[in-house]
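Asks: Residue numbers (my numbering): 154 to 379.
Can you read through this structure? Questions will come right after.
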Amino acid sequence: MVLPSLVFLIIFAYLPMGGLVMAFQDYKPWLGLTGSEWVGLDQFRYLFEREDSLQVIWNTLIIAIFKMVLNLFAPFVFAILLNEIFRFTVILSDVWKEFGFGTVVFLAALANVNPSLYEAAEVDGASRWKQTLHITVPSMIPIAIVVGTLALGNVLNAGFDQIFNLYNSLVYAKGDIIDTFVYRTAILSGEMGFGTAIGLFKSVISFVLVVISYRLAYKLANYRIF
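Structure (structure tokens):
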């Protein structure tokens, strides 16, 4: 059973290591490994003489170190939060789940920014930070208003599935939301009338918030569906 994996490892991991000899040659494909001129450590000296090589090494160190530290710190903290702070864990995990779609929306907005604005700002001596502050951010504000106001309509939808799968009786005081409260009272406790009343209350408030959010989106960002 191990043999196929061992063969795969030898072919694709160990045999190509023979090509490392090219680092000590002025390698020419048409001359091959045996015919190319041997230059010793010249390639390595050239590596440290080039400014872009040093920048690449520095970038690699910064990214790798920060990844290493944060990949250790994040699960360490998250494990503690999962064990002690329920609401924050729910919020953080939802942000983790949703931020990808939001990023696509904002990137689409940035794609519509006129590149000549950045060119003009650069000619005027604006740094990347000032270009971001005075061009990028103002260009994103309208779509941010739309996303924010439309999200207002879901303010009472705290995510039944997520809460239901994460919480238990020990964290009811911190994690119970309207939807799970309706489930517990109407389905588990049999108080159908009370549970229905809570659900209706939520639906009415949500409807009002949806209407308000669309009105705000139209007023602040000229966004409308119809």
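Just so it is clear, CB atoms sit at the ideal spot from N, CA and C, and this is done for glycine as well.
Everything numeric in this text was worked out from a predicted model, so none of it was measured.
(1) Should I330 go down as buried or exposed, given a rule of 16 or more other Cβ atoms within 10 Å for buried?
(2) At which residues does the alpha helix (DSSP H) containing W282 begin and terminate?
(3) Use the C-beta contact count for I316: other C-beta atoms within 10 angstroms, 16 or more gives buried, fewer gives exposed.
(4) In the DSSP assignment, what residue or residues form a beta bridge with Q178?
(5) Report yes or no: do three or more beta-carbon pairs, one from the region 195-210 and one from the region 281-297, lie closer than 8 angstroms?
(6) Looking at V243: is its Cβ nearer than 8 angstroms to the Cβ of L319?
(7) From G346 to W249, what does the alpha carbon distance come to, in whole angstroms?
(8) What's the C-alpha gap between F177 and N224?
(9) Ignoring anything shorter than 4 residues or poking outside the region 231-319, list the alpha helix (DSSP H) runs there in chain order.
(10) Can you find the residues in the same chain that come closer than 6 angstroms, C-beta to C-beta, to L270, ignoring five residues on each side of it along the sequence?
(11) D332 lies in the alpha helix (DSSP H); which residues open and close that run?
(12) Between L263 and M293, which are expected to be in contact by the criterion C-beta below 8 angstroms, what is the C-beta distance as a whole number of angstroms?
(13) Tell me which residue opens and which closes the alpha helix (DSSP H) that L162 is part of.
(14) Secondary structure at E344, three-state DSSP: helix, strand or coil?
(15) Assuming T338 contacts G348 under a Cβ cut-off of 8 angstroms, what Cβ separation, rounded to an integer in Å, is found between them?
Replies: This is what the structure gives:
(1) Within the sequence shown, numbered from 1, the residue matching residue 330 stands at position 177. Under this definition I330 is a buried residue.
(2) If you number the sequence shown from 1, residue 282 lands on position 129. Element bounds for W282: R281 to Q284.
(3) As a working note, residue 316 is residue 163 in the sequence shown. Flag for I316 reads buried.
(4) Position 25 of the sequence shown, counted from the first residue, corresponds to residue 178. Q178 pairs with W191.
(5) no
(6) Position 90 of the sequence shown, counted from the start, is the residue given in the question as residue 243. Position 166 of the sequence shown, counted from the start, is the residue given in the question as residue 319. Annotated as proximal: V243 and L319, with beta-carbon spacing under 8 angstroms.
(7) Here residue 346 corresponds to residue number 193 of the sequence shown, with the count starting at 1. Here residue 249 corresponds to residue number 96 of the sequence shown, with the count starting at 1. Cα atoms of G346 and W249: separation of roughly 36 angstroms, rounded to the nearest angstrom.
(8) Taking the first residue of the sequence shown as 1, we reach residue 177 at position 24. Taking the first residue of the sequence shown as 1, we reach residue 224 at position 71. When rounded, the distance between both Cα atoms is 36 angstroms.
(9) 239-264, 268-276, 281-284, 290-305 and 313-319
(10) For the purposes of this step, residue 270 is taken as residue 117 along the sequence shown, with counting starting at 1. So the qualifying residues of the chain are I288.
(11) Along the sequence shown, one-based indexing puts residue 332 at 179. D332 -> alpha helix (DSSP H) spans I331 to V335.
(12) To locate residue 263, count along the sequence shown from 1; it is residue 110. To locate residue 293, count along the sequence shown from 1; it is residue 140. Between M293 and L263 the Cβ distance is about 7 angstroms, and since that is below 8 angstroms, they are a contact.
(13) Indexing the sequence shown from 1 puts residue 162 at position 9. Where L162 is concerned, the enclosing alpha helix (DSSP H) stretches over L156 to L162.
(14) Translated into the one-based positions of the sequence shown, residue 344 becomes position 191. Coil.
(15) Locating residue 338 in the sequence shown gives position 185, where the first residue counts as 1. Locating residue 348 in the sequence shown gives position 195, where the first residue counts as 1. Right, their Cβ atoms sit about 5 angstroms apart.
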